[in-house]
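Protein chains in written order, with this note's numbering: chain U, 1 to 258; chain G, 1 to 380.
Every residue, glycine too, gets a C-beta built ideally from N, C-alpha and C.
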Amino acid sequence: MTKLFKYVRESQIWKSVFRHGYPDTPRNRTLAVLSNVFLHLHPVKVRRSGIRLSYTWCMGGLTFFLFLILTLTGLLLMFYYRPTADKAYEDIFALREHVPIGVMREMHRWGAHLMVISVWLHMYRVFLTGSYKPPREFNWNVGVILLVLTLLLSFTGYLLPWDQLAVWAITVGTNMARATPFLGHEGPGAALVSFGGIDFIHAGDDVRFGLLAGRFVGEGALLRFYVLHCVGFPLIAATLMAVHFWRVRKDGGISGPL
Amino acid sequence: MHLALATILGGGGGPVNDGPVAAAIKNFSNWLTEPTRYSVASILAVAGILYFRKFFAKVSVITIFFVLSTAYFVFAFQDPNFNAIITKPDNVPIVILFATVIFFTWLSLRRAVINDERTKRGEPTLEGELSKQKVFTWPDLVYSELICLVLFTAAMLVWSILITAPIEEPAATARTPNPSKAPWYFLGLQELLVYFDPWLAGVVLPSFIVVGLCAIPYLDTNPKGNGYYTFEERPFAISFFWVGFLLFWVSFVILGTFLRGPNWSFFGPFEYWDLHKLEPMVNVDLSTYFWVGLLDKPRPDNALLREAPGIVLLVGYFLVLPPLLGKTVMKKMVTDLGMIRFNVFMHLFLWFALIPVKMGLRWTVNLKYFIGMPEYFFNV
Ligand code: HEM
Chain U
1 MTKLFKYVRE
11 SQIWKSVFRH
21 GYPDTPRNRT
31 LAVLSNVFLH
41 LHPVKVRRSG
51 IRLSYTWCMG
61 GLTFFLFLIL
71 TLTGLLLMFY
81 YRPTADKAYE
91 DIFALREHVP
101 IGVMREMHRW
111 GAHLMVISVW
121 LHMYRVFLTG
131 SYKPPREFNW
141 NVGVILLVLT
151 LLLSFTGYLL
161 PWDQLAVWAI
171 TVGTNMARAT
181 PFLGHEGPGA
191 ALVSFGGIDF
201 IHAGDDVRFG
211 LLAGRFVGEG
221 ALLRFYVLHC
231 VGFPLIAATL
241 MAVHFWRVRK
251 DGGISGPL
Chain G
1 MHLALATILG
11 GGGGPVNDGP
21 VAAAIKNFSN
31 WLTEPTRYSV
41 ASILAVAGIL
51 YFRKFFAKVS
61 VITIFFVLST
71 AYFVFAFQDP
81 NFNAIITKPD
91 NVPIVILFAT
101 VIFFTWLSLR
111 RAVINDERTK
121 RGEPTLEGEL
131 SKQKVFTWPD
141 LVYSELICLV
151 LFTAAMLVWS
161 ILITAPIEEP
171 AATARTPNPS
181 KAPWYFLGLQ
191 ELLVYFDPWL
201 AGVVLPSFIV
211 VGLCAIPYLD
221 TNPKGNGYYT
231 FEERPFAISF
241 FWVGFLLFWV
251 SFVILGTFLR
261 GPNWSFFGPF
271 EYWDLHKLEP
281 MVNVDLSTYF
291 WVGLLDKPRP
301 DNALLREAPG
311 IVLLVGYFLV
321 LPPLLGKTVM
331 KKMVTDLGMI
341 RFNVFMHLFL
351 WFALIPVKMG
361 LRWTVNLKYF
371 IGMPEYFFNV
């Protein structure tokens, strides 16, 4: 057995992938982290206090992990889902009827709920440990944008099953946009945006119309939300997460007393 | 889910035949969760816990709390009305939110109390003691990450197998369900709609939340408490965040999910969601109070004149109050923060404070709007 392992580890294939020996010496442990693009988002060494569960609650890590689960299950769901008003509901429904012990939709839905909770808790932890203080001010701001993106991801996904719950929750949510000052047709100041008696802001061109591609939550909104949910927001979020992790490292690792 | 939990706990469905004790507990719960009492009780709870933090940081306290809440949950589960709302699959996460927020709040409080005592004795904090040691990412960190990941995936799988994701009737734009609720994480904002118009509750206040969060690192100039739990070194910051996050965000989400039914009327946890329950609306504008109540005149026709009292009041609130406070009670804060930080902070803070102020005025004198100009969709 040991011989076999040794053989594998000394083969050209193995060595072409891993450029270090088994990570049991300081040198190899350092190399293991430095020569791996995923691991090297971590520093080589960390403060012992920083990796304690009772300190970080592992909520940032959990959020990221949930993001990965959601990407994977979401991708699988995309194989079965057509974002049109007459197919969307049918496809989601068929997923339950035709797939025995299918858990993709469940994993995706419960995971999405959990991600919202874990990102809130992560922010809570970062606040309570004062980890937004210098030098981490910028990373806190990256985090705030990630928080908004997480909510937007969840919000756009809420519409996709195209059932009563979905459509009306999005209706209630986007109705707010009607009241945007100056830009929504029922917002304060909208009436001022008019020239020569022509109103520039009305139900057919205000921000809500822009969000929904229509006056109410219809097919246009479904497609818009679908594209943002599956492509737009995940791309931005993934990019910002890379920035976020990189900055955790560059700001001196997980915070701790100086 | 329904099946799984119902077989474990029994209950659900069936007629309610409560003994006197059960009925008393249920009536008390319904009474206590009425929004006014609910909010006042949670404010008192937060203040009390922070003040008596040494007591609440005890392990026995949190244990007793969780035992009691589990017992309460098992008891409440037998009630068909409670059962109907708590077993909605989409409400399971809210129960998780409730439990995790309480647990982690307790954990952070406990560590803060321990650290504060250590600092007083001149010893390093819990984190300080450990942070002198450095360990290798591989294997220490990578392995614990891996273990978390595996356990967590298993839990997710079990949950997903036990509880099927719900799907309701197909979308029908002509049939509005009652209640129509936003996704659960926005229910705190939907709750604000009781007190404010959509342009404030749905647009301006959320924007200020995001701006305010971004501003935190630049407004908090206290260098202490960076990288460890503490309360005594930053009492104001911690209390403020507790109020904002625990009261105005998390507890409102819970209120909106479990206690708001058809027409966004209030329903106690053991109350049946009756479509016909209507709460009488007798709210009065400030302008009516001023012109009709105080001066005994009809309200003027000119909107600006009519709303002058509210406008004067709010202009005073936002523009006169900050310099006034800065010159008097908050002098020290101005010197610590500088003019710019102080003013930015005060404006964000005053917007935030407008929420409890308006809530209080609604509950006590039925105030509808400070400024009510529906002609221009400008109601505050
Ligand atoms: C999609 C969302 C997010 C992901 C995946 C994420 C991930 C992470 C991870 C893995 C860490 C390492 C430490 C830990 O686990 O606690 C971290 C640290 C940090 N995060 Fe986030 N985060 C997210 C959102 C946020 C938000 C909403 C905030 C604040 C508003 C934030 C602010 C920070 C800061 C300041 C640190 C450094 C903390 C320290 O050094 O102790 N992040 N994040």
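Residue i (DSSP reduced to helix, strand or coil)
{"i": "ARG260 (chain G)", "result": "strand"}
{"i": "HIS367 (chain G)", "result": "Looking at the sequence provided, one finds Leu at residue 367 (chain G) rather than His. LEU367 (chain G) falls in the strand class under three-state DSSP."}
{"i": "PHE195 (chain U)", "result": "strand"}
{"i": "ASP79 (chain G)", "result": "coil"}
{"i": "LEU3 (chain G)", "result": "Note that LEU3 (chain G) has pLDDT 44, beneath the 50 cutoff, so the model's placement of it is unreliable and the number below is only indicative. Residue state, collapsed to three classes: helix."}
{"i": "PHE79 (chain U)", "result": "coil"}
{"i": "ASP86 (chain U)", "result": "coil"}
{"i": "GLY184 (chain U)", "result": "coil"}
{"i": "PHE28 (chain G)", "result": "helix"}
{"i": "PRO177 (chain G)", "result": "coil"}
{"i": "MET288 (chain U)", "result": "The question about residue 288 (chain U) has no answer, for chain U in this structure spans 1 to 258."}
{"i": "MET373 (chain G)", "result": "strand"}
{"i": "PRO170 (chain G)", "result": "strand"}
{"i": "ASN115 (chain G)", "result": "helix"}
{"i": "PHE136 (chain G)", "result": "strand"}
{"i": "VAL194 (chain G)", "result": "coil"}
{"i": "VAL329 (chain G)", "result": "coil"}
Chain G contact for residue i (CB, 8 Å cutoff)
{"i": "GLY111 (chain U)", "result": "yes"}
{"i": "VAL8 (chain U)", "result": "no"}
{"i": "LEU165 (chain U)", "result": "yes"}
{"i": "TRP14 (chain U)", "result": "no"}
{"i": "ILE198 (chain U)", "result": "no"}
{"i": "THR239 (chain U)", "result": "no"}
{"i": "VAL103 (chain U)", "result": "yes"}
{"i": "CYS58 (chain U)", "result": "yes"}
{"i": "GLU106 (chain U)", "result": "yes"}
{"i": "ALA213 (chain U)", "result": "no"}
{"i": "ARG19 (chain U)", "result": "no"}
{"i": "PHE5 (chain U)", "result": "no"}
{"i": "LEU128 (chain U)", "result": "yes"}
Short CB-CB distance (under 8 Å) between residue i and chain U
{"i": "VAL194 (chain G)", "result": "no"}
{"i": "TYR51 (chain G)", "result": "no"}
{"i": "LEU130 (chain G)", "result": "yes"}
{"i": "ILE147 (chain G)", "result": "no"}
{"i": "TYR369 (chain G)", "result": "no"}
{"i": "LEU44 (chain G)", "result": "no"}
{"i": "TYR272 (chain G)", "result": "no"}
{"i": "LYS134 (chain G)", "result": "yes"}
{"i": "TRP31 (chain G)", "result": "no"}
{"i": "ARG341 (chain G)", "result": "no"}
{"i": "THR125 (chain G)", "result": "yes"}
Closest Cα partner of residue i within the set the options
{"i": "ARG160 (chain G)", "options": "U:LEU192, U:VAL148 and U:ALA112", "result": "Checking the sequence shown, residue 160 (chain G) turns out to be Ser, not Arg. The candidate whose alpha carbon is nearest that of SER160 (chain G) is U:ALA112."}
{"i": "ALA85 (chain U)", "options": "U:TYR132, U:LEU192 and U:VAL167", "result": "U:VAL167"}
{"i": "GLU127 (chain G)", "options": "U:ARG215, U:LYS250, U:SER54 and U:TYR89", "result": "U:SER54"}
{"i": "SER239 (chain G)", "options": "G:PRO89, G:GLU34 and G:SER108", "result": "G:SER108"}
{"i": "GLN190 (chain G)", "options": "G:VAL253, G:THR153 and G:GLU169", "result": "G:VAL253"}
{"i": "VAL194 (chain G)", "options": "G:GLU375, G:PRO356, G:ALA23 and G:ALA24", "result": "G:PRO356"}
{"i": "ASN401 (chain G)", "options": "G:GLU271, G:VAL250 and G:ASP285", "result": "As displayed, chain G neither begins before 1 nor continues past 380, which places residue 401 (chain G) out of reach and without an answer."}
{"i": "HIS122 (chain U)", "options": "U:VAL144, U:ARG105 and U:TYR89", "result": "U:VAL144"}
{"i": "LEU305 (chain G)", "options": "G:THR257, G:MET373, G:VAL95 and G:MET346", "result": "G:MET373"}
Residues near residue i in its chain [Cβ-Cβ closer than 7 Å; skip 5 each side]
{"i": "THR125 (chain G)", "result": "ASN115, ARG118, THR119 and TYR228"}
{"i": "PHE248 (chain G)", "result": "GLY188 and ILE355"}
{"i": "ARG110 (chain G)", "result": "ALA57"}
{"i": "PHE98 (chain G)", "result": "ILE254"}
{"i": "MET115 (chain U)", "result": "THR63, LEU66, PHE67, LEU70 and THR150"}
Close Cβ partners of residue i (< 8 Å) along its chain, the five nearest in sequence each way excluded
{"i": "THR129 (chain U)", "result": "TYR55 and SER255"}
{"i": "ALA237 (chain G)", "result": "ASP220, ASN222 and GLY225"}
{"i": "VAL423 (chain G)", "result": "The question about residue 423 (chain G) has no answer, for chain G in this structure spans 1 to 380."}
{"i": "PRO262 (chain G)", "result": "ASN178, PRO179, TRP273, ASP274, LEU275 and LYS277"}
{"i": "PRO135 (chain U)", "result": "ASP251 and GLY252"}
{"i": "GLY152 (chain U)", "result": "Gly is not the amino acid found at residue 152 (chain U); the sequence shown has Leu there. Once the five neighbours on either side are set aside, the close Cβ partners of LEU152 (chain U) are LEU228 and PHE233."}
Contacting residues, own chain, Cβ-Cβ under 6 Å from residue i (five flanking each side not counted)
{"i": "ALA203 (chain U)", "result": "HIS185 and ARG215"}
{"i": "ASN30 (chain G)", "result": "GLY268, PHE270 and GLU271"}
Which complete beta strand (DSSP E) runs does the region 231-279 of chain G hold, if anything under 3 residues is left out?
none
4-residue-minimum alpha helix (DSSP H) runs that sit fully inside the region 215-252 of chain U, ordered along the chain:
219-227 and 233-250
Interface residues of the region 222-254 of chain U facing chain A [CB-CB below 7 Å]
Among the chains of the structure shown, chain A does not appear; the protein chains present are U and G.
At 3 residues or longer, what runs of the beta strand (DSSP E) sit wholly inside the region 4-66 of chain U?
45-47
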